[in-house]
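Participant: Keeping their order, the protein sequence lines are chains A and B. One point on numbering: in my numbering, the residue at position 45 of the first sequence is 45, and numbering is uninterrupted. Every position in the second sequence, counted from 1, becomes a number in my numbering once 251 is added. Glycine included, every Cβ here is placed at the ideal spot set by N, Cα and C.
Protein chains: 2
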Amino acid sequence: MLSIWAPDGIGEITAGDDLARIVTDAVGPDLEDGDILLITSKIVSKAEGRRILAADREQAITDETVRVVASREHPNGVTRIVENRLGLVMAAAGVDSSNTDEGTVLLLPVDPDASARALRSAVRSTIGLRVGIVITDTVGRPWREGQTDIAIGAAGIRVVDDLRGQTDASGRPLTVTITAVADELAGAADLVKGKASGRPVAVVRGLAHLVTDEDGPGARALVRSAEKDMFRLGSDEAYAAGFTAGAGQSL
Amino acid sequence: MLSIWAPDGIGEITAGDDLARIVTDAVGPDLEDGDILLITSKIVSKAEGRRILAADREQAITDETVRVVASREHPNGVTRIVENRLGLVMAAAGVDSSNTDEGTVLLLPVDPDASARALRSAVRSTIGLRVGIVITDTVGRPWREGQTDIAIGAAGIRVVDDLRGQTDASGRPLTVTITAVADELAGAADLVKGKASGRPVAVVRGLAHLVTDEDGPGARALVRSAEKDMFRLGSDEAYAAGFTAGAGQSL
Chain A
1 MLSIWAPDGI GEITAGDDLA RIVTDAVGPD LEDGDILLIT SKIVSKAEGR RILAADREQA
61 ITDETVRVVA SREHPNGVTR IVENRLGLVM AAAGVDSSNT DEGTVLLLPV DPDASARALR
121 SAVRSTIGLR VGIVITDTVG RPWREGQTDI AIGAAGIRVV DDLRGQTDAS GRPLTVTITA
181 VADELAGAAD LVKGKASGRP VAVVRGLAHL VTDEDGPGAR ALVRSAEKDM FRLGSDEAYA
241 AGFTAGAGQS L
Chain B
252 MLSIWAPDGI GEITAGDDLA RIVTDAVGPD LEDGDILLIT SKIVSKAEGR RILAADREQA
312 ITDETVRVVA SREHPNGVTR IVENRLGLVM AAAGVDSSNT DEGTVLLLPV DPDASARALR
372 SAVRSTIGLR VGIVITDTVG RPWREGQTDI AIGAAGIRVV DDLRGQTDAS GRPLTVTITA
432 VADELAGAAD LVKGKASGRP VAVVRGLAHL VTDEDGPGAR ALVRSAEKDM FRLGSDEAYA
492 AGFTAGAGQS L
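#1: In chain B, which residues lie less than 9 Å from residue 190/A when you measure between Cβ atoms?
#2: When you compare the CB of residue 295/B with every CB in chain A, is at least one pair closer than 8 Å?
#3: Let me make sure I understand the geometry here. Which of 95/A, 212/A, 109/A and 87/A has the alpha-carbon closest to that of residue 79/A?
#4: Rank 68/A, 61/A, 158/A and 4/A by C-alpha distance to the C-alpha of residue 231/A and give the top, closest one.
#5: Using three-state DSSP, classify residue 463/B as helix, strand or coil.
#6: In terms of residues, what are the limits of the beta strand (DSSP E) holding residue 248/A?
#7: Under 7 Å Cβ to Cβ from residue 104/A, same chain only, skipping five residues before and after it: list those, please.
#8: Using beta carbons (cut-off 8 Å, strictly below), is residue 142/A in contact with chain B?
#9: Keeping to the same chain, check which residues put their C-beta closer than 6 Å to that of residue 389/B; ignore five residues upstream and five downstream.
#10: For the beta strand (DSSP E) holding residue 324/B, just list the boundary residues, first then last.
#11: Anything in the region 308-325 of chain B with a Cβ closer than 7 Å to a Cβ of chain A? List those residues in chain order, please.
#12: Can you tell me whether residue 49/A is buried or exposed? The criterion is at least 16 other CB atoms within 10 Å of its CB, across all chains shown.
#13: If we call anything under 8 Å between Cβ atoms a contact, is residue 456/B one with residue 286/B?
#14: Using a Cβ cut-off of 8 Å, pull out every chain A residue sitting near residue 332/B, in sequence order please.
#15: Which partner residues does residue 284/B have in the DSSP bridge list?
#16: Report the three-state DSSP secondary structure of residue 181/A (helix, strand or coil).
#17: Taking only beta-carbon positions, decide if residue 409/B is within less than 8 Å of chain A.
#18: Which two residues bound the contiguous alpha helix (DSSP H) that contains residue 377/B?
#19: In this structure, how does DSSP classify residue 483/B when only helix, strand and coil are distinguished?
#20: Looking at chain A, is there any beta carbon in it that lies within less than 8 Å of the beta carbon of residue 353/B?
#21: Is there a Cβ from chain A that is less than 8 Å from the Cβ of residue 253/B?
#22: Could you name the residues of the same chain whose beta carbon sits closer than 6 Å to that of residue 111/A, not counting the 5 residues immediately before and after it, in chain order?
#23: Pull the bridge partners of residue 252/B from the DSSP assignment, please.
#24: Give a yes or no on whether 8 Å exceeds the smallest Cβ distance from residue 567/B to chain A.
#25: Would you give the residue range spanned by the alpha helix (DSSP H) that residue 85/A belongs to?
#26: Residue 276/B by DSSP, collapsed to three states: which one?
#27: Taking the alpha-carbon positions, what's the residue 90/A to residue 83/A distance?
#28: Which residues of chain B have a Cβ atom closer than 9 Å to the Cβ of residue 89/A, listed in chain order?
#29: Go through its chain and collect everything with a Cβ distance to residue 130/A's Cβ below 8 Å, but skip five positions before and after it.
#30: Got a sec: which bits of the region 360-389 of chain B sit with their beta carbon under 8 Å from any beta carbon on chain A, in order along the chain?
#31: On the DSSP letters alone, give me the boundaries of the beta strand (DSSP E) that residue 44/A sits inside.
#32: Hey, how far is the Cα of residue 298/B from the Cα of residue 402/B?
#33: Taking Cβ-Cβ distances shorter than 8 Å, what residues in chain A pair up with residue 291/B?
#34: Go ahead and pull the three-state DSSP assignment for residue 400/B.
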């Protein structure tokens, strides 16, 4: 039996706030060893002072971008899908400009895995519990409508469940071999956190076998490198690059 | 508070089995109005007799394919990512050849949304409860390591949560506007079903607001059409098409 809930009582977060204390206070004495805390990256960014003045949102996106994956013009401007400095492929590089004060944007945490490790360490040292931490953000996906939450930072949790070599209930080898459990957890937490609720933290209980003694590799392990990716570039962008190369070739 | 569990007692499913009865028997008298049942597509396919003789697995994949999206050779053969007749972009078109008898493959249900509607109707007529049904399958994703479960069939459930026009807790418009809740539910259910456990069904309780009186549009509404998709073709495939066109253009 798995239980997930999102505690009330986490107010507006500002730079310098002690997020570990705020979160554990909100969860209250219910928190148990082996629980997993899922925390919306927005409040981690705010606590870490990642709100910056940016007259030009587009420049902020460019600054966070390592590589443009695809872009598309629409009546209100250009949507840029990019790989950001964390290796994450996201619209607008993960720069959030909607829920911030006029003239500011909110960047992702500098290192969400490090943020998760710090939160885990703080929870362990203050209340003595071993918990898993996942920092989540919301992304679009190729081929599917709608957005889902994924893990962009993690500590003390197996981010993948590697079933290679295991068999199913009938003893036959499993085809599906590596499950991205941290992403599935992030999506599950989103079902109770919601976007409009003012509840940016969820607690998952019942998956203590995923919680580890060590901090582990973090959510970075869920990032597939561009070289390994069959969709490292948008279809139009790849076609255009091929067209240019083909035209040059035949001169 | 959201609860998810995967009942024991669902044995091997064969063609013609009354899946609604088997599932409700396994869940037992605990089932409540507003619960959501998440069912692994494999057992739906088996009950519907979708196991076929196929000496040639590759031919079975070709038969299920509408459009090749990307392919890559590797030491054991070729991985084909294709759009199948359901509009789903999946490796091997969703054809499952590992957990079936030698010389057979398991195809996806003919119409998973129709399967979900039939299961919902059967649950309603036999035990009088209004439940949501989601049929799940496991897929890989661009840009991310590991696989997750998604919704490939649904009935009686809001597959997306459309937040357009809503505001956050501080009254500011939400940027993230459409959440793919059925996919998040599928992933959440996978956390308790697992792949190796012999528990192919999960029950989600606590999201009755997502359960609808009508069957609704089904999981088909989560499929983004190729025309709208910036990643409708693999990067190498799009580059090659562009190269050919560019070379022809300049002759």
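Facilitator: In brief:
#1: Within the first sequence, residue 190/A is the residue found at index 190, counting from 1. In chain order: 430, 432 and 435.
#2: As a first step, residue 295/B must be located in the second sequence, where it is residue number 44. Not closer than 8 Å to any Cβ of chain A, the Cβ of residue 295/B fails to qualify, so no.
#3: Counting from one through the first sequence, the residue named residue 79/A turns up at place 79. The candidate whose alpha carbon is nearest that of residue 79/A is 95/A.
#4: For this step, residue 231/A is matched to residue 231 along the first sequence. When only C-alpha atoms are compared, the closest one is 68/A.
#5: For the purposes of this step, residue 463/B is taken as the residue at position 212 of the second sequence. The answer is coil: DSSP assigns residue 463/B none of H, G, I, E or B.
#6: If you number the first sequence from 1, residue 248/A lands on position 248. It is not in any beta strand (DSSP E) - residue 248/A instead sits in the alpha helix (DSSP H) that spans 235-249.
#7: As a first step, residue 104/A must be located in the first sequence, where it is residue number 104. The answer, listed in chain order, is 51, 52, 53 and 54.
#8: On the first sequence, residue 142/A is found 142 positions in, with the first residue counted as 1. Yes, residue 142/A lies at the interface with chain B (some Cβ there is under 8 Å from its Cβ).
#9: Position 138 of the second sequence holds residue 389/B. Around residue 389/B, the same chain offers 398 and 400 as residues with beta carbons nearer than 6 Å, after the five sequence neighbours per side are excluded.
#10: Walking along the second sequence from the start, residue 324/B turns up at place 73. If you look at residue 324/B, you'll find it in the beta strand (DSSP E) that goes 316-325.
#11: Residues passing the 7 Å Cβ filter: 321 and 323.
#12: Here residue 49/A refers to the residue found at position 49 of the first sequence. Result: exposed.
#13: By one-based count along the second sequence, residue 456/B stands at place 205. By one-based count along the second sequence, residue 286/B stands at place 35. Going by C-beta atoms, residue 456/B is nearer than 8 Å to residue 286/B.
#14: On the second sequence, position 81 is the one that residue 332/B refers to. Within chain A, the residues 230 have their CB atoms less than 8 Å from the CB of residue 332/B, given in chain order.
#15: Against the second sequence, residue 284/B aligns to sequence position 33. The partner list for residue 284/B (beta bridge, DSSP) is empty, contrary to what the question assumes.
#16: Sequence index remark: in the first sequence, residue 181/A carries index 181 (1-based). The answer is helix: DSSP assigns residue 181/A an H, G or I state.
#17: Mapped onto the second sequence, residue 409/B falls at position 158. Under the Cβ distance rule, residue 409/B does not count among the residues neighbouring chain A, no pair being separated by less than 8 Å.
#18: As a position in the second sequence, residue 377/B is number 126, starting the count at 1. 363-378 is the extent of the alpha helix (DSSP H) around residue 377/B.
#19: Start at 1 with the first residue of the second sequence, and residue 483/B comes out as number 232. Coil at residue 483/B, not helix or strand.
#20: The residue you call residue 353/B lines up with position 102 of the second sequence. Not a single CB atom of chain A sits nearer than 8 Å to the CB of residue 353/B.
#21: On the second sequence, position 2 is the one that residue 253/B refers to. Using beta-carbon distances, residue 253/B counts as an interface residue toward chain A, with a partner under 8 Å.
#22: For the purposes of this step, residue 111/A is identified with residue 111 of the first sequence, where counting begins at 1. For residue 111/A, where only same-chain residues beyond five positions count, there are no Cβ hits under 6 Å.
#23: In the second sequence, counting from the first residue as 1, residue 252/B sits at position 1. BP columns for residue 252/B are empty, so no partner.
#24: Look at the range of chain B in this structure, 252 to 502, and you will see that residue 567/B is not part of it.
#25: Counting from 1 along the first sequence, the entry for residue 85/A is found at position 85. Run containing residue 85/A: none; DSSP gives neither H nor E here.
#26: Translated into positions along the second sequence, residue 276/B becomes position 25. Look at residue 276/B here: in three-state DSSP terms it is helix.
#27: The residue given as residue 90/A occupies position 90 in the first sequence. The residue given as residue 83/A occupies position 83 in the first sequence. If I take the Cα positions, the gap works out to 6 Å.
#28: As a working mapping, residue 89/A is identified with position 89 in the first sequence. For residue 89/A, the neighbours in chain B by C-beta distance under 9 Å run, in chain order, 393, 394 and 395.
#29: Along the first sequence, one-based indexing puts residue 130/A at 130. Close CB contacts of residue 130/A within its chain, under the 8 Å cut and outside five residues either way in sequence, are with 33, 34, 124, 156, 211 and 213 (chain order).
#30: The residues in question are 389.
#31: Residue mapping note: residue 44/A aligns to position 44 of the first sequence, counting from 1. Unbroken run through residue 44/A is the alpha helix (DSSP H), 41-47; no beta strand (DSSP E).
#32: Taking the first residue of the second sequence as position 1, residue 298/B is located at position 47. Taking the first residue of the second sequence as position 1, residue 402/B is located at position 151. If I take the Cα positions, the gap works out to 18 Å.
#33: Numbered from its first residue, the second sequence carries residue 291/B at position 40. Residues of chain A passing the Cβ test: none, with the nearest at roughly 11 Å.
#34: Position 149 of the second sequence, counted from the first residue, corresponds to residue 400/B. Strand.
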